[in-house]
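All remarks here apply to the structure that follows.
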Amino acid sequence: MKIQLFDSTALENLERAFSIRRIVFIEGQDVPEEDDFDGLDEIATHILAIDKTNYDNEKAVGTARFRVTEKHKDNSPKKIKLERFAVLEEARGKKIGQKMVEFALEKIQKKEEFKTIETIYLHAQLAAVSLYERCGFKKDGDIFEESGIMHYKMIYKV
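Numbering-wise (the numbering used here), the sequence shown opens with residue -4 and increments by one.
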């Protein structure tokens, strides 16, 4: 399994990520397309998980993104939101989601530009709460609905 970061200028990888999101969220969970493709991909850092078991045909099987959602008064990053974690059905059960979360947290904590981050958070679908808890996230507040799916806000203390 190879996991990599990329930005919105890497069009081939972005299309691979969008394809996974379309399959998992729009087709699989009936999330409205305008909710998933919200115009924030351009300012996000993206993650792609690639199955390398067949070296002749590497397949993108998971994706996620993260972005700064709040800044300090000096314009340095204060909060980061992890979002759009999606793994293709045939690749589930292999800890790909957990590996992507751990990868994102590691990259955020090592990047000099994010040294001022105080909080990393996400909106976890109910089925994924235990995954995020294993990665160090804690529930914050009551359950809520987003795009027709029940979620908890979860926070990771940096």
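Positions of the beta carbon are idealized from the N, C-alpha and C atoms, including for glycine.
Since the model is a prediction, treat every value here as computed from it, not as a measurement.
- Residue pairing by DSSP puts R62 in a beta bridge opposite K76.
- With respect to the 8 Å criterion, L83 and R62 are not classified as neighbours on the basis of their beta carbons.
- The beta strand (DSSP E) runs of length 3 or more contained entirely in the segment 69 to 151 are, from start to end of the chain, 72 to 82, 114 to 120, 139 to 141.
- Exposed is the label assigned to K(-3), since fewer than 16 other Cβ atoms lie within 10 Å of its Cβ.
- In this structure, the straight-line span from the alpha carbon of I45 to that of S125 is close to 23 Å.
- Boundaries of the alpha helix (DSSP H) around F13: 6 to 16.
- Look at the beta carbons and you see the segment 53 to 68 not touching the segment 20 to 28: under three pairs across the two are nearer than 8 Å.
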